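Chemist:
Residue numbers (mature numbering (1 follows the signal peptide of the UniProt record, and there is no 0)): -16 to -1, 1 to 929.
1. Tell me, to the nearest whole angstrom, how far the beta carbon of residue 517 is from that of residue 560; I am working on the premise that it is less than 8 angstroms.
2. Would you call the stretch 730 to 743 and the stretch 698 to 711 touching, i.e. three or more CB-CB distances under 8 angstroms?
3. By the three-class DSSP mapping on this structure, what secondary structure does residue 762 have?
4. Below 8 angstroms on the Cβ atoms is my contact criterion, and I expect residue 769 with residue 751 to pass it. Report the Cβ-Cβ distance as a whole number of Å.
5. Could you compute how far the alpha carbon of residue 542 sits from the alpha carbon of residue 356?
6. DSSP beta-bridge partners for residue 798?
7. Are the stretch 511 to 528 and the stretch 475 to 490 touching by the rule of at least three beta carbon pairs closer than 8 angstroms?
8. Give me the Cα-Cα distance between residue 535 and residue 405, rounded to the nearest whole angstrom.
9. Mapping the DSSP letters down to three states, classify residue 738 as helix, strand or coil.
10. Can you tell me which of 863, 64, 788, 101 puts its alpha carbon nearest to the alpha carbon of residue 292?
11. Please report the straight-line C-alpha distance between residue 394 and residue 273, rounded to a whole angstrom.
12. Does the stretch 576 to 596 come into contact with the stretch 447 to 459, if we say contact requires no fewer than three beta-carbon pairs (one atom in each stretch) closer than 8 angstroms?
13. Would residue 120 be called buried (16 or more neighbouring beta carbons within 10 Å of its own) or exposed?
14. Go to residue 109, then tell me how far its alpha helix (DSSP H) extends in each direction, as first and last residue.
15. Mapping DSSP to helix, strand and coil, what is residue 417?
16. Just curious, the alpha helix (DSSP H) that residue 453 is in, first and last residue?
17. Going by C-alpha distance, which of 461, 533, 276 is nearest residue 501?
18. Is the Cβ-Cβ distance between residue 311 and residue 359 less than 9 angstroms?
19. Consult DSSP for residue 713 and reduce its assignment to one of helix, strand or coil.
20. Should residue 848 go down as buried or exposed, given a rule of 16 or more other Cβ atoms within 10 Å for buried?
21. Is DSSP giving residue 558 helix, strand or coil here?
22. Quick one: using the 10 Å Cβ neighbour count with 16 as the cut-off for buried, is residue 923 buried or exposed?
23. Apart from the five residues just before and just after residue 49, which ones in its own chain have a Cβ nearer than 6 angstroms to its Cβ?
24. If you follow the alpha helix (DSSP H) that residue 293 is in, where does it begin and where does it stop?
25. Apply the 10 Å Cβ neighbour rule to residue 271 and answer buried if 16 or more other Cβ atoms are within range, or exposed otherwise.
26. Would you tell me roughly how many angstroms separate the C-alpha atoms of residue 656 and residue 71, rounded to the nearest one?
27. Opposite residue 730 in the DSSP bridges: which residues?
28. By a C-beta neighbour count over all protein chains shown, 10 Å radius and 16 as the cutoff for buried, is residue 918 buried or exposed?
29. Could you check the C-alpha separation between residue 757 and residue 791 for me, to the nearest Å?
30. With H, G and I counted as helix, E and B as strand and the rest as coil, what does DSSP make of residue 289?
31. Would you kindly work out how many angstroms separate the C-alpha atoms of residue 339 and residue 581, rounded to a whole number?
32. Between which two residues does the beta strand (DSSP E) harbouring residue 604 extend?
33. Quick one, which of 59, 873, 318 has its alpha-carbon nearest residue 588's?
34. Straight-line CA distance for residue 527 to residue 105?
35. My understanding is that residue 287 touches residue 83, with C-beta atoms under 8 angstroms, so please give their C-beta distance in whole angstroms.
36. Figure out for me which residue from 776, 566, 716, 777 has the closest Cα to the Cα of residue 785.
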């Protein structure tokens, strides 16, 4: 029986399912009490009850929710995340689309904890303090067409914002005006929020408004307060084993989880597949007998891992796929000459001039034929290589790029009349598909390329082949600078694209690449010059065309896609994609027989606002702030106020990059199932985490192979083994921080200690130690820091020290990239540690000879947060692993001695040179760790964690 069934018991009920949470299985008053969840299939609502009473009226008093996000399990604690408030942001083919505005986090560790959390969450919602005030109200129910039999008003908290839908004759803007008129009763926050005519609805901008500051998401302050309350109110009776970083960071994880899912960035629909474009909906229709989660594109299924426990036990009714990104919608009217009718797709030339009509000031001029349209904008954020700015850049081993987003622009009839054409235009954005990084500690970090050309070309080709299989032909657009720091990366992009095309392209089709220097072309804040880019690609855009659906049948498919990037794929990319979207809309209206200039029409500011909201949403998800250049995207104007706003956003991004993003990245990776709970221990130790998309094992093996080719010059030497370990930065010492990851090679004649540059896959220097000069090998506890429990674990902190005699057979070489590579030994001695560092010779037993030296290595952890998510068969301990390395070295020494003629029989009985004793014991480490180190770590932990 799955482990989940010991916590969750599912039983049938008349109107749905009851999900019971027995907790620890404790009996209260003789009864096995449990928290329960009732799901109504028709409405998709979920009711929570702290107990499972038999009386139906009592059950209705439970907290009502709209679905589940999933089950978050950390260590021995589990938390059920439920959607308690939602907001309808669009309707597609008559089916509502919602954004999540509030969630409740229900601990399942005990009945008492669950009951407390459920009642507190319900109280917050009823008092309007639960974050985004959005549930269906009694007033809105009468306005929106809803089946009253399926809606229990008595259990629904009142809210200032109603669920809205596109209903013929009742526009969203009018509903907004109704609510705004009643804003006085809703309190200070609601009044401030509702003063914005957009009502916080993504994409519902209004004409004639001054652009507002959207650097803070709607309800950000309230969401933060609610998240803080979550950490304090969700008392999980933490059995804090002293110093367990996973448990210590659990409240912070819960706060971030609350903030993440209440950020208005997650969307869902009960009976529409949001993860696929309009032309791909036939898959869902053909598989209507399957649960929605089995039909959606897993590339955009963000809570797949959190829902895994329910999927495992076939509780499919509970699985609600969530998509992160953006959904916005706007209805508009175009006035044309009276009597004009749509033309066929094959005859788009028969068209008349049209203009957008502002519905709030609709003209009554005769002779005008008004036609209504609905524009929907959907952005889907990929779950592959997800994360935050600077911590996720470039490409991973599978060809996935950071900040990959598919954006679909849909033009349709407001009522989705199947006899009228539906147009869909797709674009994608994503980081440059090369291995590169940028430091988060500078305002304008220079991109640094990593790894060999062969490794980059492999990932580059894999990325575009994957993209081509999904979309067809590809036109890449790069908006980075052709000078200064970005130039080198752009040149490499061109280089790898040319190499790919020269080798046959993508299955015989050439990859298009247009390098448009955005800052140079649009200097002086003339962002309208991006039209030059659109004009240069007009023939390609026409070739790729759009997807057209008529009578629910795809009659034309989009054959290619434009892939846009800048450095972050945010600000410049947003402006360019908006321009491509405008061009596509004009073309689609022309196919409907309407010629219109959206850029020159003053009543189309809503279009710019829709795209600006889209850009802000994607930017917040990647950089934690709104997009730069948002004022231009919204108003097509740029002035000093917009520049000052961008400066403020840049400073906010800078702070987030160096402080907040590291833990946020760990949370995202964990919730997506890319890492294990070990990630929190790693964060507590390093205040940063590894990239699960980059195979560390492959990188280390590549470093070993590269070092072998470079440093082993004698062909007669037989390579016996290679390992990567940590070593002190300064030679001939046990502890000089920081430690560096080095490569240790073993041949039948020598040991090689190689300093490796992991950014460029180059050997910086190496020291060759003849096996005949090795006098002793020691392995044992090697503790270099006592700041965390992980660092003081004597079983996991193990290393070895190799003592050897100096001599002519040994050598030290440095790669100076010049003719001179030899380094005199005196230079090495000058790098010996100063008096305030640990005694170089404290490790030796007795008085060392003046010509004796040593090298120290510390084993890397054999498992980490990434490897633990895979079915790894690592059973050996770090101590056993280090001992096996020592034995390999000794075996090579004995084999070499046996083969030498001067070897005599007395060597056969020689004792082993391997000794097991502490290198740096825990007590010794405690004595030598200064107050300053503790102070620095405590300050860093206070800020970062």
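Note that beta-carbon positions come from the ideal geometry of N, C-alpha and C, so glycine has one too. All values derive from a computational prediction rather than experimental measurement.
Modeler: Result, derived from the coordinates:
1. Here residue 517 corresponds to residue number 533 of the chain shown, with the count starting at 1. Here residue 560 corresponds to residue number 576 of the chain shown, with the count starting at 1. Rounded, the Cβ-Cβ distance is 6 angstroms, consistent with contact.
2. yes
3. Taking the first residue of the chain shown as 1, we reach residue 762 at position 778. Here residue 762 sits in strand by DSSP.
4. Translated into the one-based positions of the chain shown, residue 769 becomes position 785. Translated into the one-based positions of the chain shown, residue 751 becomes position 767. Not confirmed; about 25 angstroms, so no contact.
5. Along the chain shown, read from residue 1 onward, the residue named residue 542 stands at position 558. Along the chain shown, read from residue 1 onward, the residue named residue 356 stands at position 372. Spanning the two alpha carbons is a distance of roughly 24 angstroms.
6. Residue numbering aside, residue 798 sits at position 814 when the chain shown is read from its first letter. Note: residue 798 sits in a beta bridge opposite 749.
7. no
8. On the chain shown, residue 535 is found 551 positions in, with the first residue counted as 1. On the chain shown, residue 405 is found 421 positions in, with the first residue counted as 1. Taking the straight line from one Cα to the other gives about 8 angstroms.
9. Counting from 1 along the chain shown, the entry for residue 738 is found at position 754. In the structure shown, residue 738 sits in a strand (DSSP, three-state: E or B).
10. What you label residue 292 is simply residue 308 of the chain shown in a count that begins at 1. Out of 863, 64, 788, 101, 64 has the C-alpha closest to the C-alpha of residue 292.
11. Translated into the one-based positions of the chain shown, residue 394 becomes position 410. Translated into the one-based positions of the chain shown, residue 273 becomes position 289. Residue 394 and residue 273: Cα-Cα distance of roughly 27 angstroms.
12. no
13. Sequence index remark: in the chain shown, residue 120 carries index 136 (1-based). For residue 120, the pLDDT reaches just 33, beneath the cut-off of 50, and the residue's location in the model is therefore unreliable, leaving the point undetermined.
14. To locate residue 109, count along the chain shown from 1; it is residue 125. Unbroken alpha helix (DSSP H) run through residue 109: 95 to 110.
15. In the chain shown, the residue the question calls residue 417 occupies position 433. In this structure, residue 417 counts as coil in the three-state DSSP scheme.
16. Taking the first residue of the chain shown as position 1, residue 453 is located at position 469. First-last of the alpha helix (DSSP H) with residue 453: 437 to 455.
17. Position 517 of the chain shown, counted from the start, is the residue given in the question as residue 501. When each option's Cα is compared against that of residue 501, the closest is 461.
18. Reading the chain shown from its first residue, position 327 is the one you call residue 311. Reading the chain shown from its first residue, position 375 is the one you call residue 359. No, they are not a contact pair.
19. Your numbering for residue 713 matches position 729 in the chain shown. Coil at residue 713, not helix or strand.
20. Position 864 of the chain shown holds residue 848. Buried, because 16 or more other Cβ atoms sit within 10 Å of the Cβ of residue 848.
21. Numbered from its first residue, the chain shown carries residue 558 at position 574. Note: residue 558 maps to helix in three-state DSSP.
22. Translated into positions along the chain shown, residue 923 becomes position 939. Classification for residue 923: exposed.
23. Counted from its first residue, the chain shown places residue 49 at position 65. Correct list, in chain order: 30, 66, 67, 68.
24. As a first step, residue 293 must be located in the chain shown, where it is residue number 309. Note, residue 293: alpha helix (DSSP H), 292 to 296.
25. Along the chain shown, read from residue 1 onward, the residue named residue 271 stands at position 287. Answer is exposed; the Cβ neighbour count stays below 16.
26. Within the chain shown, the letter at position 672 stands for residue 656. Within the chain shown, the letter at position 87 stands for residue 71. Rounded to whole angstroms, residue 656 to residue 71 spans 24 angstroms at the Cα level.
27. Taking the first residue of the chain shown as position 1, residue 730 is located at position 746. Bridge partners of residue 730: 705, 735.
28. Here residue 918 is taken as the residue at index 934 of the chain shown, counted from 1. Residue 918 comes out exposed.
29. Translated into the one-based positions of the chain shown, residue 757 becomes position 773. Translated into the one-based positions of the chain shown, residue 791 becomes position 807. Spanning the two alpha carbons is a distance of roughly 8 angstroms.
30. The sequence position of residue 289 within the chain shown is 305, counting from 1. If DSSP states are grouped into helix, strand and coil, residue 289 belongs with coil.
31. Along the chain shown, one-based indexing puts residue 339 at 355. Along the chain shown, one-based indexing puts residue 581 at 597. Between residue 339 and residue 581, the C-alpha separation is close to 8 angstroms.
32. Mapped onto the chain shown, residue 604 falls at position 620. Segment 589 to 607 is the alpha helix (DSSP H) holding residue 604; no beta strand (DSSP E) there.
33. Reading the chain shown from its first residue, position 604 is the one you call residue 588. The shortest C-alpha separation from residue 588 is found at 318.
34. For the purposes of this step, residue 527 is identified with residue 543 of the chain shown, where counting begins at 1. For the purposes of this step, residue 105 is identified with residue 121 of the chain shown, where counting begins at 1. Straight-line Cα distance between these residues: approximately 53 angstroms.
35. Numbered from 1 along the chain shown, position 303 holds the residue referred to as residue 287. Numbered from 1 along the chain shown, position 99 holds the residue referred to as residue 83. So it is not a contact: roughly 14 angstroms between Cβ atoms.
36. If you number the chain shown from 1, residue 785 lands on position 801. With distances taken between Cα atoms, residue 785 lies closest to 716.
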